[in-house]
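For reference, the structure is listed below as structure tokens.
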């Protein structure tokens with residue numbers, strides 16, 4: 001099926017997306033969260049519903065844009081774009097849950113007061129908006145430049161893409177590694193990570209927080225507060241997680257706007273999801289196994305793409321099915337270690 005790039009055909013949709021995101025971020029920072037405060041479960045639920053609803057509405061707009069003449073061809077294209085968006089959104093959303101585990105560990109390591117969590121995550125998302133744009137748009141261009149000349153492999157004339165093949169192998173490896181991960185992150189020294197080292201190379205860091213300030217003055221010396229260190233650690237953590245999630249969505253679509261908008265809507269909703277799930281994260285003990293399967297599936301999809309194309313609706317169904325099953329298994333068979341800790345409490 002011929003690919004249609006929204007950036008070229010519907011620039012108004014681009015501006016609509018940009019304006020929506022900017023307005024929502026301004027409302028979030030300047031109106032609803034003007035003062036740093038501890039986010040309640042009710043507030044987190046409302047914002048989670050808002051962000052998910054916005055993302056679903058936007059996917060409907062994408063469908064409507066490509067189905068304006070009502071013909072069978074435009075309907076087929078609209079369905080393909082809609083399912084591409086949905087698949088990319090839920091893949092990013094699912095893989096981002098891993099971030100929540102790390103966020104909890106980072107906040108615990110630096111003893112970040114709960115009323116400051118929102119501010120850290122807000123600035124983490126601002127960084128994600130920038131870095132994800134760079135990764136996605138550069139990645140799409142790189143993929144376009146790395147197709148090998150058509151060749152005959154296993155009796156089929158195919159055009160193999162070097163980058164997609166490498167991404168596929170990497171995602172299979174990441175899935176296998178993730179399946180066997182024994183949770184060593186619990187013992188990681190986040191004060192010695194790249195983000196923390198970057199801040200410490202420019203400024204001295206005070207021992208204590210100074211409200212929600214990134215800088216403070218002590219004995220006439222301007223110093224960074226631990227809050228700035230935490231933001232840097234969160235930013236670098238997101239970049240590391242993007243190494244998994246960005247290649248994964250390249251298996252879904254080659255339209256940078258579909259990839260970027262779905263990715264950003266998923267990331268924007270991650271902050272409220274953190275506050276909603278932080279106290280219940282132990283209930284999703286089987287989710288990492290589901291994410292490992294998703295990574296491996298997407299890797300296989302990339303490798304076999306020159307011979308067999310797994311459509312976006314099928315990919316969406318598999319990803320959604322794996323997520324639902326892993327959550328149900330988490331509820332039906334809770335982690336024994338977590339159960340013992342709850343009994344001790």
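Residue numbers (the UniProt record's numbering): 1 to 345.
Ideal Cβ placement from N, Cα and C applies to all residues, glycine included.
Per DSSP, reduced to three states, the secondary structure at residue 241 is helical. Counting along the chain, no beta strand (DSSP E) covers residue 333, and no H or E run does either. At the C-beta level, residue 167 and residue 250 come within 8 Å of one another. At least 8 Å separates the beta-carbon of residue 64 from that of residue 316. Three or more beta-carbon pairs separated by less than 8 Å link the segment 264-282 to the segment 115-128, which places the two stretches in contact. Using a C-beta cut-off of 8 Å, the segment 280-295 makes contact with the segment 324-334, since at least three inter-stretch Cβ pairs fall below that distance. Taking each of 232, 308, 144 and 46 in turn and checking the Cα distance to residue 194, the smallest one comes out for 232. In the three-state reduction of the DSSP assignment, residue 66 falls in the coil class, being assigned neither a helical nor a strand state. For residue 167, the secondary structure class from DSSP, reduced to helix, strand or coil, is helix. Residue 62 and residue 13 have their C-alpha atoms spaced approximately 8 Å apart. The criterion of a C-beta distance shorter than 8 Å is not satisfied by residue 221 and residue 200. When rounded, the separation of the alpha-carbon atoms in residue 113 and residue 57 is 35 Å. The DSSP-derived three-state label of residue 152 is strand. Under the DSSP assignment, residue 222 falls in the beta strand (DSSP E) whose first and last residues are 221-224.
Taken through DSSP and simplified to helix, strand or coil, residue 138 comes out as helix. Here residue 263 is buried, its C-beta having at least 16 other C-beta atoms within 10 Å. Under DSSP, residue 215 shares a beta bridge with 224. Rounded to whole angstroms, the separation of the alpha carbons of residue 307 and residue 152 is 11 Å.
For the pair residue 101 and residue 72, the Cα-to-Cα distance works out to about 45 Å.
For a cut-off of 8 Å, the C-beta gap from residue 116 to residue 238 is around 18 Å, too long to register as a contact.
Residue 84 sits away from residue 310, with the two beta carbons spaced by 8 Å or more. Within the model, the alpha-carbon separation for residue 292 versus residue 322 is close to 10 Å.
About 13 Å separates the Cβ atoms of residue 248 and residue 303, ruling out a contact at the 8 Å cut-off. Looking only at 297, 244, 280 and 257, the smallest Cα-Cα distance to residue 92 is reached by 244. Here residue 157 carries a strand assignment [DSSP, helix/strand/coil].
In the DSSP annotation of this structure, the continuous segment of the alpha helix (DSSP H) that includes residue 73 starts and ends at 72-109.
For the 8 Å CB-CB criterion, residue 299 and residue 325 do not form a contact. Beta-bridge pairing by DSSP links residue 147 to 161. When the five nearest sequence neighbours on each side are left out, the beta carbons in the same chain lying within less than 8 Å of the beta carbon of residue 48 are those of 269, 272, 273 and 276, in order along the chain. In the three-state reduction of the DSSP assignment, residue 112 falls in the coil class. Secondary structure of residue 39 (DSSP, three-state): coil.
Counting the other CB atoms within 10 Å of its CB gives residue 51 a total of 16 or more, which places it among the buried residues.
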